[in-house]
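There are 2 protein chains.
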Amino acid sequence: MIPQNRRITIKHVAKEAGVSTQTISRVINGRPDVSPETRQRVLDIISKLGYQPSELARSLIQRRSCTLGVVTAGLKYIGPSRTLNGITTKAEELGYALLLKELPGFSSNEIQPQLQFLLARHIDGILWAVPEIGNNRDWVKEGLTGIPVPIVYLTMQIHPDVSVVTIDNHIGGEIATRHLLEQGRHRIGHISGPMDWWEARQRNQGWQDTLKKAGLPVTEASCVEGNWSSSSGEGAFQQLLHSYPDMDAVFVANDQMALSVLKVAHRLGMNIPRDLSVVGFDNLSESAFFWPALTTINQNQLELGGQAVQELVNQIEVFQRNEEVTPRNILLSPELIVRESSVVEK
Amino acid sequence: MIPQNRRITIKHVAKEAGVSTQTISRVINGRPDVSPETRQRVLDIISKLGYQPSELARSLIQRRSCTLGVVTAGLKYIGPSRTLNGITTKAEELGYALLLKELPGFSSNEIQPQLQFLLARHIDGILWAVPEIGNNRDWVKEGLTGIPVPIVYLTMQIHPDVSVVTIDNHIGGEIATRHLLEQGRHRIGHISGPMDWWEARQRNQGWQDTLKKAGLPVTEASCVEGNWSSSSGEGAFQQLLHSYPDMDAVFVANDQMALSVLKVAHRLGMNIPRDLSVVGFDNLSESAFFWPALTTINQNQLELGGQAVQELVNQIEVFQRNEEVTPRNILLSPELIVRESSVVEK
DNA sequence: CTGAAAGCGCTAACAC
DNA sequence: GTGTTAGCGCTTTCAG
Numbered sequence: 030m031i032p033q034n035r036r037i038t039i040k041h042v043a044k045e046a047g048v049s050t051q052t053i054s055r056v057i058n059g060r061p062d063v064s065p066e067t068r069q070r071v072l073d074i075i076s077k078l079g080y081q082p083s084e085l086a087r088s089l090i091q092r093r094s095c096t097l098g099v100v101t102a103g104l105k106y107i108g109p110s111r112t113l114n115g116i117t118t119k120a121e122e123l124g125y126a127l128l129l130k131e132l133p134g135f136s137s138n139e140i141q142p143q144l145q146f147l148l149a150r151h152i153d154g155i156l157w158a159v160p161e162i163g164n165n166r167d168w169v170k171e172g173l174t175g176i177p178v179p180i181v182y183l184t185m186q187i188h189p190d191v192s193v194v195t196i197d198n199h200i201g202g203e204i205a206t207r208h209l210l211e212q213g214r215h216r217i218g219h220i221s222g223p224m225d226w227w228e229a230r231q232r233n234q235g236w237q238d239t240l241k242k243a244g245l246p247v248t249e250a251s252c253v254e255g256n257w258s259s260s261s262g263e264g265a266f267q268q269l270l271h272s273y274p275d276m277d278a279v280f281v282a283n284d285q286m287a288l289s290v291l292k293v294a295h296r297l298g299m300n301i302p303r304d305l306s307v308v309g310f311d312n313l314s315e316s317a318f319f320w321p322a323l324t325t326i327n328q329n330q331l332e333l334g335g336q337a338v339q340e341l342v343n344q345i346e347v348f349q350r351n352e353e354v355t356p357r358n359i360l361l362s363p364e365l366i367v368r369e370s371s372v373v374e375k
Numbered sequence: 030m031i032p033q034n035r036r037i038t039i040k041h042v043a044k045e046a047g048v049s050t051q052t053i054s055r056v057i058n059g060r061p062d063v064s065p066e067t068r069q070r071v072l073d074i075i076s077k078l079g080y081q082p083s084e085l086a087r088s089l090i091q092r093r094s095c096t097l098g099v100v101t102a103g104l105k106y107i108g109p110s111r112t113l114n115g116i117t118t119k120a121e122e123l124g125y126a127l128l129l130k131e132l133p134g135f136s137s138n139e140i141q142p143q144l145q146f147l148l149a150r151h152i153d154g155i156l157w158a159v160p161e162i163g164n165n166r167d168w169v170k171e172g173l174t175g176i177p178v179p180i181v182y183l184t185m186q187i188h189p190d191v192s193v194v195t196i197d198n199h200i201g202g203e204i205a206t207r208h209l210l211e212q213g214r215h216r217i218g219h220i221s222g223p224m225d226w227w228e229a230r231q232r233n234q235g236w237q238d239t240l241k242k243a244g245l246p247v248t249e250a251s252c253v254e255g256n257w258s259s260s261s262g263e264g265a266f267q268q269l270l271h272s273y274p275d276m277d278a279v280f281v282a283n284d285q286m287a288l289s290v291l292k293v294a295h296r297l298g299m300n301i302p303r304d305l306s307v308v309g310f311d312n313l314s315e316s317a318f319f320w321p322a323l324t325t326i327n328q329n330q331l332e333l334g335g336q337a338v339q340e341l342v343n344q345i346e347v348f349q350r351n352e353e354v355t356p357r358n359i360l361l362s363p364e365l366i367v368r369e370s371s372v373v374e375k
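Sequence order for the protein chains is A and B.
Throughout the first sequence, residue numbering follows the numbering used here, covering 30 to 375 in sequence.
Throughout the second sequence, residue numbering follows the numbering used here, covering 30 to 375 in sequence.
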């Protein structure tokens, strides 16, 4: 490939058309005040030269880049990717470009450099799409003042001072547990995600609250903590079988761990769902093909990402009119997908 | 949030420090020709004001943005996400920002607008991370002249005129098939991916070539086409059992379809691996927890993405020195992960 | 309808 | 060491 640097600029077009650069600018911006003949001539030359206006130069002078900064983490997992998928789709629809940053780990607290990096590139707003873990959200309560663009946070505890778009994991836990109760199960165990994850705590709490509301006890013995991986699910389930031998159902905080529950149960000669009803969480595309097909909670991460972009863009528009931006919290409800692992045929 | 537009510029810093903007520029670029006192004073003011140089303005004047355009597709699937994960990690390491575009579908042939979009933002190079399907690469052979920045393509047939970084799927098919031969299997069937996918054809070809090299016949009856989904795997396997009843092993082009093979086999009372050895492809994190644990081919997509970025950045450096860029093809070998589904204990 | 001048925020190239 | 000038590619403002 032979280097041929130097891009075609508005000047080249102007010269070729024998008009000033302002006229070209008017044409490419669809302004009405250009004579039809001039406009046509300019358009012809633009396409002949293959001229492409520089969004960079535009961003500089217009003080808006139509670019969103996206900070994510854990793209190798399917959840964050699905969310990003929703983000790209909606951003495309609204005509925004995306500058992507992935944190090296979920709990990175190198916040400031990330924000600076994005701000240096004049992004119009920021989407913080990193799950809330441990104290990786502490900065939200403080640092807010310094950031000169709107931010929307995904997947964290809602908070009146900032905009949050998230799946309601508590409801997810409720729905799963209620479904098991409806199947006539009353001794429902739980394998949770790592409890420093906000999502894991919410799912756990939904399970607890539903049991309590039904007048059923929640004991320490009925819950074991996993770390989301199938491997951890194996150990957690064995421990749970031990500590809660009466258990007739289990709500597992994600499908990967639920897969191990199915496997271990099979190995032990248990029949699912007859001996034990199982409900997972996440609705992996494989879950419908586990044995038995796994009942699970589906979170619409595509929608999640889309709504977050929409909300951020709304805020940006308000912000750029120099009006006060009011934070908004958006909670999306997950839904139950009933399959074989939880329902005993009558 | 109260709008407080107007960013702090180099001028503000210059004024505050009582020097010219040029001096500030020298300080932030670490140039040696500034007196230690001036430098310190400027640095203090920069941190006091929280000044952040505009990469946008820099990009404009330096004719390099340190930004790569990434075009991807199918982020809701794990493969593209893992690759993107590799891309973000390496880009971060090399100090490049990423502008992300996701095509609405795998086979979109709206190429030109995507390229224009990225070029308008002065990206220094492009990573085309969309799998080769049908004729969605035809443009590569032509359009090359028009694009004023280096491009690296991922996951496609290598081609002497362009830079391609890809997993060698043919070898993947070979390794899988050879492994089955080594287990003493000689009637090895294949469930392929959709044959308009280059990757599917390569895996298929690797299977065919290995059988032929071993002096074994490859018949039409021994291969059925799926569409990557578990659901399609179900039908394909049933068809294959019918058309190739003697089959003693099957190489399945991805783990999702292989999952269905395991399930159907189980339902039919077949014992895997005794009655049928199964090898998948992709190494999903769940595959180790299928019943039986699935032997599969692992492709290191993290590495793939990383190498692609590295290669692109190398090219960019050459290109910006105005030297001729020579295309390079990089082929990564996938590796066999042996688990229970293919090996009969002696 | 069209053009000239100024400037977005920065740096290259030169002066002193 | 430091300042001045010019300009990256575009749009805004104001003249005409």
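Even glycine gets a Cβ: it sits at the ideal position worked out from N, Cα and C.
Just list the alpha helix (DSSP H) runs in the segment 284-361 of chain A, keeping only unbroken ones of 4 residues or longer that don't cross its boundaries, in chain order.
Qualifying alpha helix (DSSP H) stretches, in chain order: 284-296 and 330-349.
Along chain B, in chain order, which residues have C-beta atoms closer than 9 Å to that of A:H188?
Locating residue 188 of chain A in the first sequence gives position 159, where the first residue counts as 1. The premise fails here: A:H188 is roughly 13 Å from chain B at the closest Cβ pair, so nothing lies under 9 Å.
If you compare alpha carbons, which of A:S192, A:N351 and A:P177 is closest to A:T184?
One-based indexing of the first sequence puts residue 184 of chain A at position 155. The shortest Cα separation from A:T184 among A:S192, A:N351 and A:P177 belongs to A:S192.
Answer with yes or no whether the minimum CB distance from B:L78 to chain A is below 9 Å.
Residue 78 of chain B sits at position 49 when you count from the first residue of the second sequence. No, B:L78 does not count as interfacial toward chain A.
Going straight from the alpha carbon of A:I75 to that of B:I220, what length do you get?
For the purposes of this step, residue 75 of chain A is identified with residue 46 of the first sequence, where counting begins at 1. For the purposes of this step, residue 220 of chain B is identified with residue 191 of the second sequence, where counting begins at 1. Going by the C-alpha atoms only, they are around 50 Å apart.
Per the DSSP calculation, B:A102 is bridged to which residue(s)?
Taking the second sequence and counting its residues from 1, the one referred to as residue 102 of chain B is at position 73. Bridge partners of B:A102: B:L132.
Could you please give the first and the last residue of the uninterrupted beta strand (DSSP E) stretch that includes A:E228?
Translated into positions along the first sequence, residue 228 of chain A becomes position 199. Element bounds for A:E228: not the beta strand (DSSP E) but the alpha helix (DSSP H), W227 to K242.
Anything in chain B within Cβ reach of A:Q145, meaning under 7 Å, just list it in chain order.
On the first sequence, position 116 is the one that residue 145 of chain A refers to. Neighbours of A:Q145 on chain B, chain order: Q81.
Please list, in chain order, the residues of the segment 258-283 of chain A that have any C-beta partner in chain B closer than 7 Å.
From the segment 258-283 of chain A, only S259 have a Cβ closer than 7 Å to chain B.
Determine the DSSP secondary structure at B:W257, reduced to helix, strand or coil.
As a first step, residue 257 of chain B is located in the second sequence; it is residue number 228 there, counting from the start. Of the three classes helix, strand and coil, the one that applies to B:W257 here is coil, per DSSP.
What is the residue span of the alpha helix (DSSP H) that B:H208 lies within?
Working through the second sequence from its first residue, we reach residue 208 of chain B at position 179. Segment N198 to E211, the alpha helix (DSSP H) holding B:H208.
Would you mind telling me which residues of chain A sit closer than 9 Å to B:Q285, beta carbon to beta carbon, in chain order?
As a first step, residue 285 of chain B must be located in the second sequence, where it is residue number 256. Chain A residues near B:Q285: S314, E315 and F318.
In angstroms, rounded to a whole number, what distance separates the CA positions of A:V367 and B:A120?
Start at 1 with the first residue of the first sequence, and residue 367 of chain A comes out as number 338. Start at 1 with the first residue of the second sequence, and residue 120 of chain B comes out as number 91. Near 42 Å, if we compare the C-alpha coordinates of B:A120 and A:V367.
What does the alpha-carbon distance come out to for the pair B:Q387 and A:I196?
Beyond the ends of chain B as shown, which are 30 and 375, falls residue 387 of chain B; an answer cannot be given.
Name the DSSP beta bridge partners of A:T96, please?
Here residue 96 of chain A corresponds to residue number 67 of the first sequence, with the count starting at 1. Looking at the DSSP assignment, A:T96 forms a beta bridge with A:A126.
Tell me, which residues are paired with B:S221 by DSSP?
The residue you call residue 221 of chain B lines up with position 192 of the second sequence. Paired residue(s): B:E254.
Could you tell me the distance, in whole angstroms, from the CA atom of A:I180 to the CA atom of B:Y106?
For this step, residue 180 of chain A is matched to residue 151 along the first sequence. For this step, residue 106 of chain B is matched to residue 77 along the second sequence. Each residue's Cα considered, the two are about 27 Å apart.
Does DSSP put B:G79 in a helix, a strand or coil?
Translated into the one-based positions of the second sequence, residue 79 of chain B becomes position 50. Of the three classes helix, strand and coil, the one that applies to B:G79 here is coil, per DSSP.
According to the Cβ coordinates, are B:G334 and B:N165 closer than 9 Å?
By 1-based counting over the second sequence, the position of residue 334 of chain B is 305. By 1-based counting over the second sequence, the position of residue 165 of chain B is 136. Not a contact, by the Cβ cut-off of 9 Å.
Counting contacts by CB-CB distance shorter than 9 Å, is A:E121 in contact with chain B?
The residue you call residue 121 of chain A lines up with position 92 of the first sequence. Yes - at least one Cβ of chain B is within 9 Å of the one on A:E121.
Would DSSP call A:S192 helix, strand or coil?
In the first sequence, counting from the first residue as 1, residue 192 of chain A sits at position 163. It is a strand residue.
Along the segment 285-302 of chain B, what residues have a CB closer than 7 Å to any CB found in chain A?
Result list: Q285, L288, S289, K292 and H295.
Using 8 Å as the threshold, is the segment 283-294 of chain A in touch with the segment 256-263 of chain A, meaning 3 or more CB pairs across them?
Touching, yes, given that three or more Cβ pairs across the two stretches are closer than 8 Å.
Which of the three DSSP states is assigned to B:A158 in this structure?
The residue given as residue 158 of chain B occupies position 129 in the second sequence. B:A158: strand per DSSP, three-state reduction.
Please classify B:L85: is it buried, with 16 or more other beta-carbons within 10 angstroms of its beta-carbon, or exposed?
If you number the second sequence from 1, residue 85 of chain B lands on position 56. B:L85 should be labelled buried.
Counting only beta-carbon separations shorter than 9 Å, does B:G175 have a partner in chain A?
The residue labelled residue 175 of chain B in the question sits at position 146 within the second sequence. Interface residue, yes.
Per DSSP, B:A278 is paired with what?
Start at 1 with the first residue of the second sequence, and residue 278 of chain B comes out as number 249. Answer is B:I217 and B:S306.
Can you tell me which of the three DSSP states A:L245 falls into?
Counting from 1 along the first sequence, the entry for residue 245 of chain A is found at position 216. Coil.
So, is the C-beta of B:R36 closer than 9 Å to a C-beta in chain A?
Looking up residue 36 of chain B in the second sequence gives position 7. Yes - at least one Cβ of chain A is within 9 Å of the one on B:R36.
Kindly list, in the order they appear in chain B, the residues whose Cβ is closer than 7 Å to that of A:H151.
By 1-based counting over the first sequence, the position of residue 151 of chain A is 122. Correct list: S83 and L85.
Please name the residue, chosen from A:G222, A:W227 and A:I217, that lies closest to A:Q237 on a Cα-to-Cα basis.
The sequence position of residue 237 of chain A within the first sequence is 208, counting from 1. Cα-wise, what sits closest to A:Q237 is A:I217.
What do you get for A:A229, buried or exposed, if any count of 16 or more other CB atoms within 10 angstroms of its CB means buried?
Walking along the first sequence from the start, residue 229 of chain A turns up at place 200. Flag for A:A229 reads buried.
Please report the straight-line C-alpha distance between A:Q234 and A:G202, rounded to a whole angstrom.
As a first step, residue 234 of chain A is located in the first sequence; it is residue number 205 there, counting from the start. As a first step, residue 202 of chain A is located in the first sequence; it is residue number 173 there, counting from the start. Cα-Cα distance, rounded: 7 Å.
From this set, B:R70, B:G103, B:P133 and B:H151, which residue's C-alpha is nearest A:S94's C-alpha?
Working through the first sequence from its first residue, we reach residue 94 of chain A at position 65. With distances taken between Cα atoms, A:S94 lies closest to B:H151.
With 9 Å as the threshold, decide whether the Cβ of B:N343 is near any Cβ in chain A.
Taking the second sequence and counting its residues from 1, one reaches residue 343 of chain B at position 314. False, the Cβ-Cβ gap to chain A never drops below 9 Å.
Assign B:E211 to one of two classes, buried (16 or more other C-beta atoms within 10 Å of its C-beta) or exposed (fewer than that).
The sequence position of residue 211 of chain B within the second sequence is 182, counting from 1. Exposed, since its Cβ has fewer than 16 Cβ neighbours within 10 Å.
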